[in-house]
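Enquirer: First the structure, which I've put down as structure tokens, then a few questions once you've had a look.
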Amino acid sequence: MRKVLMIIFICSVTLFILLGSVLVLGQLLGLVVAKGSWVIGLDQNLASTVFFITSIAAFSGYLLSYTKKKNTEG
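If you want it as structure tokens, here you go:
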């Protein structure tokens, strides 16, 4: 169970960092070039996906904190 949660956590955190960066940098670029439609478009199309992936990362991290590590001492 821990291994599956760890894989889900790592994948979701990686995706959330990448997509979150695209969202923020895209909106920043839209502000710099004064294209409000870019900012609105990114918010409407990408923000909900980023928030969903962030929630998956948060819940998997929370559940991961309640799973026990295997003792590897001999």
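Under this note's numbering, the first residue of the sequence shown carries the number 49, and numbering increases by one thereafter.
Yeah, the Cβ is synthetic: ideal placement off N, Cα and C, and Gly gets one too.
All of these numbers come straight from a predicted model, not from anything done at the bench.
Measuring alpha carbon to alpha carbon, tell me which of Lys116, Lys118, Asn119, Tyr110 ends up nearest Ile58.
Expert: The residue with the shortest Cα to Cα distance from Ile58 is Tyr110.
Enquirer: What does the alpha-carbon distance come out to for the pair Gly68 and Gly74?
Expert: So the two alpha carbons sit approximately 10 Å from each other.
Enquirer: Does Leu94 come out as helix, strand or coil in the three-state DSSP assignment?
Expert: DSSP places Leu94 in coil when its eight states are reduced to three.
Enquirer: Just to confirm, are Ala95 and Val61 a CB contact at a threshold of 8 Å?
Expert: No; because the gap between Cβ atoms is not below 8 Å, this pair is not in contact.
Enquirer: If we call anything under 8 Å between Cβ atoms a contact, is Leu53 one with Thr102?
Expert: It is not a contact, given that the beta carbons lie outside the stated cut-off.
Enquirer: Can you grab the Cα-Cα spacing for the pair Leu63 / Lys117, in whole Å?
Expert: Their backbone Cα atoms lie some 25 Å apart in a straight line.
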